[in-house]
Amino acid sequence: MQAIFNVALPIFGVILTGYLAGKWRILGGEATAALNAFVSYFALPILFFGTLARTPVDTVLDPSLMAGFGLVVVATFLVGMLSTRLAVRGGLAKMSLQGIAASWGNVGYMGVPLCLAAFGEAGLPPAMLTVIVTAVVAMVFGVMLIELEVAAGRGPILTFFNAAWNVARNPLPVSIAAGIAWSGLALPLPTPVEKWIDLLGGAAAPCALFAIGLFLSDKSVRSGLAEAGLATVIKLLLQPLLAACVLPFFVDLRSVPGQVALLMAALPTAANAFVLARQFDIQVEQNTASVLLTTGFSVVTVSALLVWLRVT
52 MQAIFNVALP
62 IFGVILTGYL
72 AGKWRILGGE
82 ATAALNAFVS
92 YFALPILFFG
102 TLARTPVDTV
112 LDPSLMAGFG
122 LVVVATFLVG
132 MLSTRLAVRG
142 GLAKMSLQGI
152 AASWGNVGYM
162 GVPLCLAAFG
172 EAGLPPAMLT
182 VIVTAVVAMV
192 FGVMLIELEV
202 AAGRGPILTF
212 FNAAWNVARN
222 PLPVSIAAGI
232 AWSGLALPLP
242 TPVEKWIDLL
252 GGAAAPCALF
262 AIGLFLSDKS
272 VRSGLAEAGL
282 ATVIKLLLQP
292 LLAACVLPFF
302 VDLRSVPGQV
312 ALLMAALPTA
322 ANAFVLARQF
332 DIQVEQNTAS
342 VLLTTGFSVV
352 TVSALLVWLR
362 VT
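One rule links them: number in this note's numbering = place in the sequence shown (from 1) + 51.
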């Protein structure tokens with residue numbers, strides 16, 4: 052019960068606060084966009100860079116962890132695609148968006164604050180590696196498959212480079228790469244810069260969680276529940292179960308990196324699934340429902356996992 056009261060309750064409490072702020076119209080749509088921009092372009096990238104810049108490279112780069120977690124994400128992505136193919140005979144774009152909803156966990160906005168609360172500073176480097184893996188699978192592999200149908204005629208090579216460019220200009224992977232490079236060069240951070248990083252990075256966790264609730268406050272589940280239900284089962288049950296079976300071949304589940312990877316696999320669907328669906332105007336209702344359902348049920352599943360991991 053300590054895990055629920057000390058870790059899960061504060062995390063979901065901040066999300067609930069953001070949700071109520073949106074529902075009660077204390078903050079509206081413009082505030083949602085502004086807060087998301089602050090978290091995505093400033094707070095989280097600064098937190099990532101500052102943590103990695105001050106962490107030895109050999110303790111950050113873990114090829115085994117990346118391979119194991121990547122295998123789990125790819126496997127659930129493919130299962131998600133197959134579920135749509137069997138359920139509604141959807142095309143490649145619909146299948147890919149369902150795969151994204153079933154595999155792309157909220158590793159940035161929710162996962163990083165959760166790992167920070169559960170494992171302290173030691174949980175941040177492996178958490179950031181899962182952010183890289185998820186971004187590559189979802190934004191390169193997933194978006195490329197969507198583009199192959201939506202922008203037919205471009206060719207797979209150009210489509211791949213367009214998807215890769217979307218990852219390359221994303222502040223989160225860029226800040227991770229910059230932090231690892233800074234650490235590899237063994238460059239010191241001036242004290243004023245460190246203080247600035249600590250102040251701005253310290254806002255990342257609460258603002259990211261608050262932004263999740265604010266984002267969800269004006270969404271509703273009206274249709275697409277069949278596919279959203281499948282995505283919820285795959286994301287909240289199959290992915291962590293698969294992680295528990297696959298990860299031991301790559302990393303010790305009793306270690307902090309192993310537990311971080313398992314926890315990241317149990318997270319709800321990222322809001323990016325809705326954003327991409329709206330961008331392409333495909334699977335909008337289904338992916339909206341997936342984000343809402345997985346976030347709601349994750350209160351139970353994530354809390355249960357924290358108890359099982361004996362996180363205090």
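Just so you know, even glycine gets a beta-carbon here, dropped at the ideal spot from N, CA and C.
- In this structure, DSSP gives Gly174 a helical state, which the three-state scheme calls helix.
- Here Ala186 is not near Val311, since their CB atoms are 8 Å or more apart.
- Per DSSP, Thr320 lies in no alpha helix (DSSP H) and is assigned neither H nor E.
- Around the CB of Ser306, fewer than 16 other CB atoms lie within 10 Å, so the residue is classed as exposed.
- By the Cβ-count criterion, Lys246 is exposed, with fewer than 16 other Cβ atoms from all chains shown falling within 10 Å of its own Cβ.
- Note on the region 104-142: whole alpha helix (DSSP H) runs with a minimum of 4 residues are 108-111 and 114-139, in chain order.
- Look at Gly156 here: in three-state DSSP terms it is strand.
- The region 268-285 makes contact with the region 341-353; the number of CB pairs closer than 8 Å reaches 3 or more.
- For Trp216, the closest C-alpha among the options Leu236, Val351 and Met190 is that of Met190.
- Here Glu81 is exposed: its Cβ has fewer than 16 other Cβ atoms, across all protein chains shown, within 10 Å.
- Put simply, the backbone Cα of Ala94 is about 15 Å away from that of Ala104.
- Trp247: member of the alpha helix (DSSP H) spanning Thr242 to Gly252, first to last residue.
- Excluding five sequence positions before and after Ile333, the CB atoms of its chain that fall closer than 7 Å to its own CB belong to Ala144, Lys145 and Leu148, given in chain order.
- The C-beta distance from Gly280 to Leu298 rounds to 26 Å, too long to meet the 8 Å contact threshold.
- No Cβ-Cβ contact shorter than 8 Å links Val188 with Gly131.
- Three or more beta-carbon pairs drawn from the region 148-162 and the region 192-200 are found closer than 8 Å, and the two stretches are therefore classed as touching.
- Selection Met117, Leu287, Ile263 and Val244 evaluated against Gly101 yields Val244 as nearest (Cα-Cα).
- By the C-beta criterion, the region 66-75 is judged not to be in contact with the region 247-254, since fewer than 3 inter-stretch pairs fall below 8 Å.
- The continuous alpha helix (DSSP H) containing Tyr70 extends over residues Leu60 to Lys74.
- For Met315, the enclosing alpha helix (DSSP H) starts and ends at Val307 to Ala316.
- Per the C-alpha coordinates, the member of Leu199, Thr242, Asn87 and Ala126 positioned closest to Met161 is Asn87.
- Around Ile183, the same chain offers Met117, Pro224 and Ile227 as residues with beta carbons nearer than 8 Å, after the five sequence neighbours per side are excluded.
- Assigned with DSSP and collapsed to three states, Leu238 falls in coil, not helix or strand.
- C-alpha of Val158 to C-alpha of Ile197: approximately 22 Å in a straight line.
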